[in-house]
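For reference, the structure is listed below as structure tokens.
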Amino acid sequence: MTSAPTPVVGLRREREVLTVALMTGRHVVIEGPPGTGKSTLLRSIARDTGQEVVFVEGNAELTPARLVGQFDPSQVLAEGYKPDNFVDGPLLTAMRGGGLLYLEELNRVPEETLNVLITVLTEGEIAVPRLGTVHAGKDFRLIAAMNPFDAVGTARVSQAIADRMCRVVLGYQDEDGERVITGSVSGLTGQWVNLSVALTRATREHRDVRMGSSVRGAIDLALVLTGLAELRGETQPGRETARDAAYAALSGRIRITDGVDRTAESVIDELLEELWPADVPEPSSDEDRADAEGKGDSPAGSSPPGFQPRTRPGREQAARTQGRQQLAQQHPAFEDVSPELGELDPDAFDAAVARDPEAAAALLADMAVATDVQLRTEARRLAGRVFIQLGRVGPAKARGTRRLGPSTRLDGDLDLDRTLERWQPGSSRVPAADDIVTRTWTAHRRAVCLVVDISGSMQGLAVALAAVAAAGVIVANETGPPKLQPSVLAFSAGVKVLQAQGVRRPPEELLSDLVALRGHGTTDLASGLREASRQLAGAVADERMVVLLSDCLHTAGEEPASALAGIDRLHVLVPLGGAEAETAAAALAARGGGRAQTVMRLAEVAPALTRILA
480 MTSAPTPVVG LRREREVLTV ALMTGRHVVI EGPPGTGKST LLRSIARDTG
530 QEVVFVEGNA ELTPARLVGQ FDPSQVLAEG YKPDNFVDGP LLTAMRGGGL
580 LYLEELNRVP EETLNVLITV LTEGEIAVPR LGTVHAGKDF RLIAAMNPFD
630 AVGTARVSQA IADRMCRVVL GYQDEDGERV ITGSVSGLTG QWVNLSVALT
680 RATREHRDVR MGSSVRGAID LALVLTGLAE LRGETQPGRE TARDAAYAAL
730 SGRIRITDGV DRTAESVIDE LLEELWPADV PEPSSDEDRA DAEGKGDSPA
780 GSSPPGFQPR TRPGREQAAR TQGRQQLAQQ HPAFEDVSPE LGELDPDAFD
830 AAVARDPEAA AALLADMAVA TDVQLRTEAR RLAGRVFIQL GRVGPAKARG
880 TRRLGPSTRL DGDLDLDRTL ERWQPGSSRV PAADDIVTRT WTAHRRAVCL
930 VVDISGSMQG LAVALAAVAA AGVIVANETG PPKLQPSVLA FSAGVKVLQA
980 QGVRRPPEEL LSDLVALRGH GTTDLASGLR EASRQLAGAV ADERMVVLLS
1030 DCLHTAGEEP ASALAGIDRL HVLVPLGGAE AETAAAALAA RGGGRAQTVM
1080 RLAEVAPALT RILA
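Mapped onto my numbering, the consecutive letters of the sequence shown carry residue numbers 480 to 1093.
Written out as structure tokens, the structure reads:
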């Protein structure tokens, strides 16, 4: 019994264009990422027209002989080169039968094999040595498919081939369409199909993902999720079951952006936390879910109750990346600074800084997470230099604090008590020079950890203020006598160590990484402070200080004040302020023995850091 053909969902315009192209004798290349329905669309059209489809997989092993065909060696040895001894390849099979030759992965086929097609596409015939000329039937068409986003094992298709074919580009269906596809193939319906589709689609938009999963991932996820829950005896799949199923169905389909140090599993964890936060109860029944969510709050077919992305109270969820149109709407100087795709004009940016430093810095921070990959790379490189320069106006000249303390350098006043303790009077030993302890002015060794909030509220100018503050801490540390290298952390739902305590990274590189980070979902401030305490624990210092850049509005984890153990002093800088943020920051800083200050402009960062670090 044959299974029913997979339905074509959406793609109306693409179907019409492809149908007309084939009717008018055109050859076509279909471009699109995996799972967009390229082969499904073609097979559907072939069924409607009654044409045969000859399938051939394009790869590096597809030689001209395998595509065209060849003489049977054993028959040639026995009878010589006779037409009856020739075994047609897929190309000649489709040409003689007037069918459709479907060539997958066109950009993986060797150039010498593709060159065989040039005469076929132009003249509708091919000359085969020792066989003669083979003419194509009037309904013969070549339909090629390729994924232009895959760079591994691919090559550029020559202009000679591209000039002889029409091009149809397919994109992913909308969310409703992908739910229909997933339900049709998997045979499932309801909330778990919705969750599977939502999580799969989110992988394509994540800032650290070069290529996300196709709808095939959603199909696999829905099947594995429900099957795993049944195996484990769960009436409804639990959150841990969803995570295990997502690892299996999606991790192998996700390609992390080059240079990003994280795993596909960590991306899935982050996205699952947004769609199904850990502190949201697992739905137990349709009635309970309806009561919890309220009826009519969501459009039909939306993500299931309990699986909505979480945001901070009163704040919108920030976009993971920003397109050129969005950047142009938010920043008037954008089109001057980046007039073309992938271009960043340093002179135009310097002019923007001269006109309005805050606006220019906010633009640079947002360009560091642009969808335009080349622009994003150039912006991050420029950010490392620019924010270091802006940070140099900070507390670079501040003197380190000094205090009276014990010393064995034989200068200052005699510390009689400590001298007697070292000499141990009554012993027969003659006091030595190093038994004498004095009290003199000594430098106060202080270990500093910079903790930066990168959650959804940190965008634009807020990120720029954080970068300038980070640069100020780094620059202040590198001036004057040798000091302990500060640790630098970034946190949202998790914590990322940008610079470990006592380990120096090039400042430009560190800041470039910092402005490229954006967190989403929950904000676990306590985990950031605990990691800061762990970083400071190994430092040999008189004081262990944390400088926190955050609005202090935590949405996950324990109370931040419970994570201050091991931190001698906590200072808070609040980017852009706000009554709720300033109140929370002042309370937390008071518990940490420090002060909270609001910074609204770049010029306010330097004085604030000077008061903290001097």
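No residue lacks a Cβ here, since even glycine has one placed at the ideal position from N, Cα and C.
Bear in mind that the values here come from a model prediction, so they are computed numbers and not experimental data.
Pick from Glu752, Thr736 and Gly712: whose alpha carbon is nearest that of Ala1110? Summary: the structure shown does not reach residue 1110, with the chain confined to residues 480 through 1093, and so no result is reported for it.
I'd like to check one pair, Arg860 with Ser991: are the Cβ atoms closer than 8 Å? yes
May I have the straight-line CA-CA distance separating Gln530 from Leu521, to the nearest angstrom? 11 Å
If you draw a straight line from the C-alpha of Ala1045 to the C-alpha of Gly1072, how long is it? Contrary to the premise, residue 1045 reads as Gly rather than Ala in this sequence. Taking the straight line joining both Cα atoms gives about 12 Å.
In angstroms with no decimal places, state the Cα-to-Cα distance between Phe565 and Leu497. 33 Å
Option nearest Leu1032 by Cα separation, candidates Leu1008, Val1051 and Ala1064: Ala1064
So what does DSSP say about Asp567, is it helix, strand or coil? strand
For Gly696, which three-state DSSP category applies? Note: Gly696 maps to helix in three-state DSSP.
Can you tell me whether DSSP reads Pro986 as helix, strand or coil? In the three-state reduction of the DSSP assignment, Pro986 falls in the helix class.
Which of the three DSSP states, helix, strand or coil, is assigned to Val659? helix
With 16 other CB atoms within 10 Å as the buried threshold, where does Ser777 fall? Confidence at Ser777 is low in this model, with a pLDDT of 38, below 50, so the placement of that residue is unreliable and no value is reported for it.
Any chance you could list the beta strand (DSSP E) runs of at least 3 consecutive residues sitting entirely within the stretch 486-524, in chain order? 507-510
Taking only the alpha-carbon atoms, compute the straight-line gap between Cys928 and Val1025 and give it to the nearest angstrom. 5 Å
Please classify Gln964 as buried or exposed, where buried requires at least 16 neighbouring CB atoms within 10 angstroms. Burial state of Gln964 is buried, judged by a 10 Å Cβ sphere holding 16 or more other Cβ atoms.
Using the Cα positions of Val672 and Ser523, report the straight-line distance between them to the nearest angstrom. 25 Å
What is the residue span of the beta strand (DSSP E) that Thr679 lies within? Premise fails: Thr679 lies in the alpha helix (DSSP H), Gln670 to Thr682, not in any beta strand (DSSP E).
CA-to-CA distance, Gly1007 to Val974, given in whole angstroms: 6 Å
Just to confirm, is the Cβ distance from Leu702 to Leu750 under 8 Å? no
Can you have a look at Arg609 and say buried or exposed, based on whether 16 or more other CB atoms are within 10 angstroms of its CB? With fewer than 16 other Cβ atoms within 10 Å, it is exposed.
Assigned exposure category for Gly802 - 16 Cβ within 10 Å defines buried: It counts as exposed.
Who does Ala624 pair with in a DSSP beta bridge? Ile509
Measure how close the beta-carbons of Asp845 and Leu806 come, nearest whole angstrom, since I'm counting them as under 8 Å. 6 Å
From Thr528, Gly514 and Pro512, residue whose alpha carbon lies closest to that of Val499: Selected option, being the one with the closest Cα: Thr528.
Just tell me which of Ile915, Gly951 and Ser971 has its CA closest to the CA of Gly934. A small fix is needed here, since residue 934 is Ser in this sequence, not Gly. Comparing Cα-Cα distances from Ser934 to each of Ile915, Gly951 and Ser971, the minimum goes to Ser971.
Please state the DSSP three-state secondary structure of Pro543. The three-state reading of DSSP puts Pro543 in helix, counting H, G and I together.
From which residue to which residue does the alpha helix (DSSP H) around Ser1006 run? Going by DSSP, Ser1006 is part of the alpha helix (DSSP H) stretching over Leu1004 to Ala1016.
Enumerated in chain order, which unbroken segments of the alpha helix (DSSP H) with a length of 4 residues or greater are wholly contained in the stretch 706-768? 718-729 and 743-754
In the DSSP assignment, find the beta strand (DSSP E) that holds Gln964 and state where it starts and stops. Gln964 -> no beta strand (DSSP E), and no H or E assigned at all.
Local conformation of Met1024 per DSSP, three classes: Strand, per DSSP.
What residue range is occupied by the uninterrupted beta strand (DSSP E) comprising Glu604? Glu604 to Val607
How many whole angstroms separate the CB atoms of Asp1029 and Asp932, which I take to be in contact at a CB cut-off of 8 Å? A small fix is needed here, since residue 1029 is Ser in this sequence, not Asp. With 8 Å as the limit, Ser1029 and Asp932 qualify as a contact, their Cβ atoms being about 4 Å apart.
Give the secondary structure of Asp653 by DSSP, where H, G and I count as helix, E and B as strand, and everything else as coil. It is coil, neither helix nor strand.
If we count Cβ pairs, one from each stretch, closer than 8 Å, do we get three or more for the stretch 500-515 versus the stretch 681-698? yes
Three Cβ pairs or more, each shorter than 8 Å: is that satisfied between the stretch 577-591 and the stretch 552-565? no
Cβ neighbour criterion (16 or more within 10 Å) applied to Val746: buried
Rounded to whole angstroms, how far is the Cβ of Leu600 from the Cβ of His506, which I believe are closer than 8 Å? 5 Å
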